[in-house]
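A quick write-up on the structure given underneath.
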Amino acid sequence: MTREHIFMLVAMALYMILVLAIGVLYARKSKTAGEFYLGGRGLSPLVTAMSAEASDMSSWLLMGLPGLAYLTGIADAGWTAIGLAVGTWVNWLIVAKRLRRYTVVAKNSITIPDFFSNRFHDKNKVLMSISAIVILVFFVPYTASGFAACGRLFQSIFGLNYTAAMLISALVIVLYTAIGGFLAESTTDTIQGFLMSGALVAILIFGVVSAGGIGAVVENAQSMPGFLSMIQTYNPASGAAEPYGALKICSMIAWGLGYFGMPHVLLRFMAIRNPHELTLSRRIATVWVVISLAAAVIIGVVGSAMLPGEFTTSAEAETIFIKIAEVMGSNGVVTALLAGLILAGILAATMSTSDSQLLVASSSVSQNFVKGLIYKKASDKTVMWISRVTVIVIAVIGALIALDPNSSIFDIVSFAWAGFGAAFGPVILFSLFWKRTTLWGAFAGMLSGGVMVFVWKFLLNPLGGVWEIYELLPSFLVACAAILLVSLLGKKPSKEIEEEFELAASDRPVE
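Counting from 1, one number per residue, gives the positions in the sequence shown under my numbering.
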């Protein structure tokens, strides 16, 4: 390990120590379940916006998306970025305020499964049970992808053992999540959001300069057929352009539908101190997302000029951000420290999502399974301790899955994203905006959406042709149809449920 590597490692270690310190600081403030899971609904507009987007944009923002652009050009990465940017804006515009109000009306719900159960007066906790299962099924592998990203980072830069690096990173994430809860997680996510932005900008500028300037980057991209086209894609194996049709474009744009069902993002809407401040949060979040996504895609293009032909597989290409930072850090102590902070951006991206996922998954077990179904008289203190133990158990399972260092981060995230988008997204939208939605309609939508993701991904997608469309889109539509059909065939919701819906939809005070 060189002197520069040591300084890079020091900078990253200092960052991890800071994160742990924040966890310890906020441990004293998380005295109730509401504070542990939602921060007592006291987040500022800035923290709400930055923590929502930092927890959303996991390691695939700094690794998966640039890697995609590096290999095949801007079509795949570009349409995905457009879908995500639009989805972010629409989610903040139509879901945020209504969800914040409705969760208060619905018995002050503090988790998404809580909201589903209280919204439909689900006395048998059917929705709470199935939604908690959905969260566990899709969050465990999602968390594993974050742990894998950390392991790959330390292995690529420092030559450390992948397994050891991955496990140490997982331990740090688990410690500050289990200790501090939502306040610690939201605070660190805000810091990490700014760090991610700075890392993207710094790597982009350094990459352009190192590649010989903007002209050299464009010239290199133009030498690869279809690389700069939004309706063609570059095939690195054949060196030729391939058509990028409407089916692929729809698949990539469909990523935006996933936002309506992301529990770790929706929780931020529920946690802001004043719903009227969500307009400011929306503006901050949208600007951050657009700039970050654009920078990530362009880094892939710049990387292909700076390190042409260096990577030939998706797993290798996903390290392009890391490799550029490594080159930056090889020019002396100052640049090594800067590169260390930039690489901490990858840690930030990974940790900000993993901690959110661990907190949501643990709340599903402790708040919804244990207190909601098994031990209803459990005190807040008991629930919090069960939650902290659950964080550890889920992280252990995720770490076991992450032991394979060759899995594609983008592919894992893509599948989990589809699962949440299809299972929860339609139910959230219909719950908030259609008064006629029934409990069994919501159940049918959640079940059909989640199951269809598996069916489409593993049974229909391999058939090729039209079946190759991203599983989120057809699964989302199937769930919507199921909610409509079952709700209309069933008994109309009670007068009390309709009155709660009208209160949440109005401008009348709810707290």
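Beta carbons: idealized from backbone N, C-alpha and C, even for Gly.
Its chain contains Ser109, Phe115 and Met270 as the residues whose beta carbon lies nearer than 7 Å to that of Thr103, once the 5 sequence neighbours on both sides are disregarded; these appear in chain order. Straight through space, the alpha carbons of Gln192 and Val383 are spaced by roughly 28 Å.
In the DSSP assignment, Ala240 forms a beta bridge with Asn235. In the three-state scheme derived from DSSP, where H, G and I count as helix and E and B as strand, Leu93 is classed as helix.
Here Met57 is not near Met252, since their CB atoms are 9 Å or more apart. When rounded, the separation of the alpha-carbon atoms in Phe311 and His276 is 48 Å. Within the model, the alpha-carbon separation for Trp89 versus Arg3 is close to 44 Å. Note that the segment 428-436 does not touch the segment 153-165; fewer than 3 beta-carbon pairs, one per stretch, sit closer than 8 Å.
Pairing Leu175 with Val365 gives a Cβ-Cβ distance that is not under 9 Å. Between the alpha carbons of Ala296 and Leu338 lies a gap of roughly 19 Å. Rounded to whole angstroms, Phe139 and Ser238 show a C-alpha spacing of 37 Å. Under the three-state reduction of DSSP output, Ile168 falls in the helix class. Going by C-alpha positions, His121 is about 26 Å away from Lys381. Thr233 sits close to Ala75, with the two beta carbons spaced by under 9 Å. With fewer than three CB-CB distances shorter than 8 Å, the segment 252-262 does not count as touching the segment 283-297. Within the DSSP bridge table, the entry for Ile272 names Leu43 as partners.
With contacts defined by Cβ atoms closer than 9 Å, Ser475 and Trp456 form a contacting pair. Ranking Val427, Met224 and Lys248 by CA distance to the CA of Trp467 puts Lys248 first.
Arg119 sits buried, since 16 or more C-beta atoms from the chains shown fall within 10 Å of its C-beta. The closest CA to that of Ile130, considering only Ala423, Ser292, Ile82 and Ala416, is found on Ala423. When C-alpha distances from Gly450 are compared across Ile469, Ala378, Ala416 and Val301, the shortest belongs to Ala416. Shown here, Thr437 sits in coil according to DSSP, grouped into three states, outside any helix or strand. From the listed residues Val289, Val95, Leu343 and Ala202, the smallest Cα separation to His5 is found for Leu343. Per the coordinates, the alpha-carbon of Thr190 lies some 43 Å from the alpha-carbon of Lys492. Counting along the chain, Trp288 sits inside the alpha helix (DSSP H) bounded by residues Leu278 to Met306. Cβ-Cβ separation between Glu53 and Val289: approximately 6 Å, consistent with a contact (criterion under 8 Å).
If you draw a 10 Å sphere on the C-beta of Lys123, you find fewer than 16 other C-beta atoms in it, and that means exposed. For the 9 Å CB-CB criterion, Ala402 and Phe147 form a contact.
Leu62 and Ser314 have their C-alpha atoms spaced approximately 14 Å apart.
Taking a 10 Å sphere around the C-beta of Leu472, we find 16 or more other C-beta atoms and assign the residue as buried.
Taking C-alpha positions only, Val302 is separated from Ala378 by approximately 55 Å.
The residues Leu65, Leu293, Ala294, Ala296 and Val297, in chain order, have a CB closer than 8 Å to that of Ala81 in the same chain once the five nearest residues on each side in sequence are set aside.
Taken in chain order, the complete alpha helix (DSSP H) segments of 4 residues or longer contained in the segment 81-137 are 96-105 and 112-119. Spanning the alpha carbons of Tyr142 and Trp60 requires a straight line of approximately 11 Å. By the 16-neighbour rule on beta-carbons within 10 angstroms, Val333 is exposed. Counting C-beta atoms within 10 angstroms of its own C-beta, Lys323 has 16 or more neighbours from the protein chains shown and is therefore classed as buried.
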